[in-house]
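Written out below as structure tokens is the structure these notes cover.
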Ligand code: URA
């Protein structure tokens, strides 16, 4: 059975989008508008998983090597790597490891199901996130939620296979939303590493270049890294554009949708 009905297939093909064939975990009743990533209604309950896993060999032409561990001269990373969720939350809330603690209103730890099968990694909190203490609550967050909804995923309640955990590379807002500095990324990285280790996601979606820099140690452009499945600590990782970028570059939404399909495919093959 195809994931898409005849109308959707025609629409996706007309847009030049790859049509993913296997049965979905969350069938999409409603047409997805790839321009807005809007799915009119939340996706219904998932169909049973396929008995046989889907091979992603054809979409895995290259796999990035494992990133080298960073130096841990003061043992801080090792301490964080041993924390449970409550200790990790407390540590982030009290963190003064870099200058961003001076200007932040709130730390932004992460949100979602701690057993989620999907993990989304963004860049850094913006103004709204700094005020509310939650990632992706502004315009970029709305787009992200719509993209997730199109795949039958959410950051709310539900079974782990339909849930995401969302975290950023930085837990504090850089002033005036400037780019993260390398030392800020390095100081914050152990928190993200530990979040991923605790969630144990089945797939990671790295959104934007700073997520990619942290998780893959790569400074290659997103356009060169997307379209194949990488690995982070043995977890399949798919690179895609950051939602804030997509808001300004509408044509790349179609590519982002392909990346989501690839992530789902990588997940299904595990
Ligand atoms: N952009 C991000 O990368 N993360 C957020 O939480 C908000 C905007």
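In the working numbering, the protein residues as written are 61 to 330. C-beta atoms are modelled at their ideal positions from N, C-alpha and C, and glycine is treated no differently.
Determine whether the beta carbon atoms of residue 224 and residue 326 lie at a separation below 7 angstroms.
No, they are not a contact pair.
With residue 242 as the anchor, note down where its alpha helix (DSSP H) starts and where it stops.
If you look at residue 242, you'll find it in the alpha helix (DSSP H) that goes 242 to 259.
Hey, how far is the Cα of residue 38 from the Cα of residue 307?
Residue numbering for the chain in the displayed model covers 61 to 330; residue 38 lies beyond these limits and cannot be assessed.
Could you tell me the alpha carbon to alpha carbon distance between residue 139 and residue 247, rounded to whole angstroms?
Approximately 13 angstroms between the Cα atoms of the pair.
How would you label residue 198, buried or exposed, when you count the other beta carbons within 10 angstroms and need 16 or more for buried?
If you draw a 10 Å sphere on the C-beta of residue 198, you find 16 or more other C-beta atoms in it, and that means buried.
Quick check: what's the CA-CA separation for residue 152 versus residue 329?
Cα-Cα distance, rounded: 34 angstroms.
State yes or no: is the C-beta of residue 304 within less than 7 angstroms of the C-beta of residue 234?
Taking 7 angstroms as the Cβ cut-off, residue 304 and residue 234 do not qualify as a contacting pair.
Within a Cβ cutoff of 7 angstroms, which residues of the same chain sit near residue 18, ignoring the five residues on either side of it in sequence?
Only positions 61 to 330 of the chain appear in the structure, and residue 18 is not among them; the question remains open.
In whole angstroms, give me the CA-to-CA distance for residue 82 and residue 206.
Low local confidence applies: a pLDDT of 45 at residue 82 is under 50, so the model's placement there is unreliable, with the coordinate-based value given in what follows. Spanning the two alpha carbons is a distance of roughly 22 angstroms.
On the DSSP letters alone, give me the boundaries of the alpha helix (DSSP H) that residue 143 sits inside.
Where residue 143 is concerned, there is no enclosing alpha helix (DSSP H), given that its DSSP letter is neither H nor E.
Between the alpha carbons of residue 285 and residue 226, how many angstroms are there, rounded?
Each residue's Cα considered, the two are about 21 angstroms apart.
Starting from the Cα of residue 309, find the closest Cα among 241, 323 and 200 and give me that residue.
Per the Cα distances, 200.
Tell me the DSSP secondary structure of residue 300 in three-state form.
Correct three-state label for residue 300: strand.
Terminal residues of the continuous alpha helix (DSSP H) containing residue 181?
Under the DSSP assignment, residue 181 falls outside any alpha helix (DSSP H), being part of the beta strand (DSSP E) whose first and last residues are 178 to 182.
Answer with buried or exposed for residue 132, where buried requires no fewer than 16 other C-beta atoms within 10 angstroms of its C-beta.
When all chains shown are included, residue 132 counts as exposed.
May I have the straight-line CA-CA distance separating residue 279 from residue 268, to the nearest angstrom?
Roughly 11 angstroms between the two C-alpha positions.
In three-state DSSP terms, what is residue 278?
Reduced to three states, the DSSP call for residue 278 is coil.
Heavy atom of the ligand URA within 6 angstroms of residue 189 beta-carbon:
Taken from the Cβ of residue 189, at least one heavy atom of the ligand URA lies inside 6 angstroms.
Under DSSP, the beta strand (DSSP E) around residue 206 begins and ends at which residues?
Per DSSP, residue 206 lies in no beta strand (DSSP E); the unbroken alpha helix (DSSP H) holding it starts and ends at 199 to 210.
Closer than 6 angstroms: residue 169 CB and nearest the ligand URA heavy atom:
Every heavy atom of the ligand URA is 6 angstroms or more from the Cβ of residue 169, so no.
For residue 161, is the classification buried or exposed, using 16 other Cβ atoms within 10 angstroms of its Cβ as the cut-off for buried?
Burial check for residue 161: the Cβ neighbour count within 10 Å stays below 16, so the residue is exposed.
I need the DSSP call for residue 266, collapsed to helix, strand or coil.
Strand at residue 266.
N- and C-terminal bounds of the beta strand (DSSP E) containing residue 166
For residue 166, no beta strand (DSSP E) encloses it, and the DSSP letter there is neither H nor E.
So what's residue 329 in DSSP terms, helix, strand or just coil?
Reduced to three states, the DSSP call for residue 329 is coil.
Would residue 215 pass as a contact of residue 171 if the rule is Cβ separation under 7 angstroms?
Cβ atoms of residue 215 and residue 171: closer than 7 angstroms.
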